[in-house]
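Add 11 to a position in the sequence shown, counting from 1, and you land on the number used in the working numbering.
For every residue, glycine included, the Cβ atom is placed at its ideal position computed from N, Cα and C.
Please read the structure below before turning to the comments.
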Amino acid sequence: MSIFEELLSKSGLSKEELEEKLANFKTKNPDLNNEIASFFIAKELGVEIDDSKLVITPLNLIDENTKNANILVSVDRSYPVKDFDTNNKKGQLQNLIVTDNTANMQLTIWNPTENFVQGDVILVTNVFVNLFKNEKKLNTSKFSSVKVKDKKQFERTYNEKHLYELQDKDTGLKVTGIIRVKQELKEFESQGQVKSVLRFTIEENGFKNICVAWGKATKEINDLELNTKIELKGTYAKLNKGQLELHLNDYTKVNILEKDVPEFIPILKNISELAYNEYCKINTKIKSVISTRYVRVCKVCGNQMMKIDDKYFCSVCNAEQESYAKANTYFLIEDDSGNSSAILTKKVLMKLLNCDEIQLETLMTNTNFEGLEINAIGYLRKNRNNESEFFVDVLI
Ligand SMILES: [Zn+2]
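If you want it as C-alpha cells, here you go:
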C-alpha cells in the first residue's frame with residue numbers, strides 16, 4: 012500500500028477529493044514527489060501514516076542534486092539550538108552530525124520542534140542538499156518532518172582491527188590498547204581559534220602504535236592515567252612520514268576498559284618459532300649484512316641531500332641546509348634453529364654502535380658486524396615485497 016492509498020483509507024476523503032488536494036499541492040510545490048506530498052498532506056489532515064513505508068535514501072547515495080530524500084540516521088553529535096536572522100528571515104536552527112553507517116553528514120534542522128541529542132535515531136523526510144565549501148550538507152525544508160524513532164533501532168558498526176592490522180586510510184575503526192606513553196597537551200592557534208593536539212602511544216599484546224588526538228578527544232585522553240586500557244571507536248589511520256598514526260577527533264568515543272594494566276612481557280623465541288606479528292624476544296647473532304642505507308634529508312624541503320666533500324648540500328633549496336639522517340640495515344641473523352632477515356632502523360643502529368647519527372654513517376660501512384649479538388624485542392612481518400623480515404623494535 013502506497014502512502015497515498017494509506018491516506019485514502021484513513022482520511023475519510025474520496026479518491027477524487029484527495030487527488031485534487033494532491034494536484035493542488037503539487038502545483039504550488041512542483042519539486043515534491045507524490046510520496047512526500049502525500050506524507051505532508053497527511054500531516055496537515057492529522058492522519059497518522061505508517062512511516063516505515065517511506066523510501067529511505069542511504070547517506071552515501073546522496074549527491075549535490077538530491078531533493079526530497081528521506082533519511083533514517085542516528086545523531087552522532089548535536090550542537091545547541093541557536094537563533095538565526097538572515098535575509099529578513101528569523102528563526103532557530105540546530106546543526107547535527109548524523110550517520111547511517113554508510114556515511115557521516117551535517118544536517119541542519121530549520122526551526123526544530125525539539126532539541127535532538129546524541130544517540131537519537133531520527134527519521135527525517137524531504138531533506139535537500141546544499142554545497143558549502145565543496146562539502147555536501149543536508150537541510151530540512153518547510154515540508155520536512157523530523158521524528159525520533161526507537162534509539163535501539165540500529166547501532167553504529169565499526170571496523171574492528173588489531174593494532175598490527177591497521178592500514179593507511181582505514182576509517183570508522185574500533186581498536187583497543189593500553190596507554191603507555193603520553194606527551195603534553197599542546198595548544199595552538201588556527202584560523203583565529205585555539206585548537207589542541209595530544210600525541211600518545213597505545214599498546215596491544217606488545218604492539219605499539221602512535222595516536223594523535225585532536226579537539227575534545229585531547230582532554231579526554233589527557234585525563235586518563237598511563238597504563239589504562241581503552242577502547243577507541245570511530246578513529247582513522249593515516250600514514251605520516253612513513254609512520255602509521257591513529258587519529259582521534261571530536262567524533263571518537265573513548266571507553267575505559269581497565270586500569271593499571273601491567274607491562275607486557277614478551278617471551279623468548281627461536282627463529283624457527285617466530286609467528287607473524289607476534290611481539291617476542293630473540294637471542295641471535297649476525298651472520299651477514301644484506302644491505303645498508305644511509306641518506307641525509309633536508310630539514311627544510313625533505314629532499315635527499317648531496318654530499319660534496321664533507322658537506323651536505325640540498326640541490327632543491329640550492330643551499331647548505333640543516334639535515335637529518337634516514338638509515339637502516341638489513342642483516343641475516345641466525346640462532347641454533349635457523350636464520351631470518353632482520354631490519355634495524357636508525358634508532359636501533361645508533362644503540363647497537365653506541366654512536367650519534369653523524370658518526371653512524373662511517374660506522375655503518377666500517378664495522379665488521381659478523382658475529383655481533385642481536386638480543387632484541389620485535390616481531391616478524393612481511394615487507395612491501397611480501398618477504399619476511401624481523402623488525403627489531405628495541406635492543407635488550
Ligand atoms: Zn632543501
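When C-alpha distances from leucine 285 are compared across Asn350, Arg304, Glu333 and Leu255, the shortest belongs to Asn350.
Counting only heavy atoms of ligand 1, the residues whose C-beta sits closer than 7 Å to one of them are, along the chain, Cys309, Val311, Cys312, Asn314, Cys325, Val327, Cys328 and Gln332. When the five nearest sequence neighbours on each side are left out, the beta carbons in the same chain lying within less than 6 Å of the beta carbon of cysteine 312 are those of Val327 and Cys328, in order along the chain. Per DSSP, the continuous alpha helix (DSSP H) segment holding alanine 228 begins and ends at 227–233. Rounded to whole angstroms, leucine 257 and asparagine 394 show a C-alpha spacing of 20 Å.
In the DSSP secondary-structure assignment, asparagine 81 is bridged to Ile67. With fewer than 16 other Cβ atoms inside 10 Å of its own Cβ, lysine 322 counts as exposed.
Excluding residues up to 5 positions away in sequence, Val140, Leu142 and Lys147 lie with their Cβ nearer than 7 Å to the Cβ of glutamate 75 in the same chain. In the structure shown, the three-state DSSP call for tyrosine 247 is strand. Apart from the 5 residues on each side of it in sequence, histidine 173 sits with its Cβ closer than 7 Å to the Cβ of Glu215 in its chain, given in chain order. Looking only at Thr187, Thr97 and Asn150, the smallest Cα-Cα distance to glutamine 117 is reached by Asn150. By the C-beta density criterion, serine 348 is exposed, having fewer than 16 other C-beta atoms within 10 angstroms. Under DSSP, aspartate 96 forms a beta bridge with Lys101. Taken in chain order, the whole beta strand (DSSP E) runs of length 3 or more contained in the stretch 184–212 are 184–193 and 197–201. Under the DSSP definition of a beta bridge, arginine 392 partners with Glu400. Counting along the chain, the unbroken beta strand (DSSP E) around alanine 338 starts and ends at 334–346. Arginine 307 and asparagine 122 have their C-alpha atoms some 60 Å from each other. Rounded to the nearest whole angstrom, the CA to CA distance from cysteine 366 to valine 86 is 55 Å. Checking the DSSP bridge columns, you'll see threonine 295 partnered with Ile385. When DSSP states are grouped into helix, strand and coil, isoleucine 278 belongs to the coil group. Phenylalanine 50 is positioned such that its CB atom lies closer than 8 Å to that of threonine 136.
Of all C-beta pairs linking the stretch 94–101 to the stretch 189–205, fewer than three are shorter than 8 Å, placing the two stretches out of contact. Burial check for alanine 353: the Cβ neighbour count within 10 Å reaches 16 or more, so the residue is buried. Taking the CA atoms as reference points, glutamate 125 sits about 37 Å from glutamate 269. Assignment of beta strand (DSSP E) within the stretch 109–176, counting only whole runs of 3 or more residues, yields 115–121, 132–143, 146–150 and 157–160 in chain order. In the structure shown, the three-state DSSP call for phenylalanine 50 is helix.
CA-to-CA, the gap between aspartate 179 and glycine 23 works out to about 59 Å.
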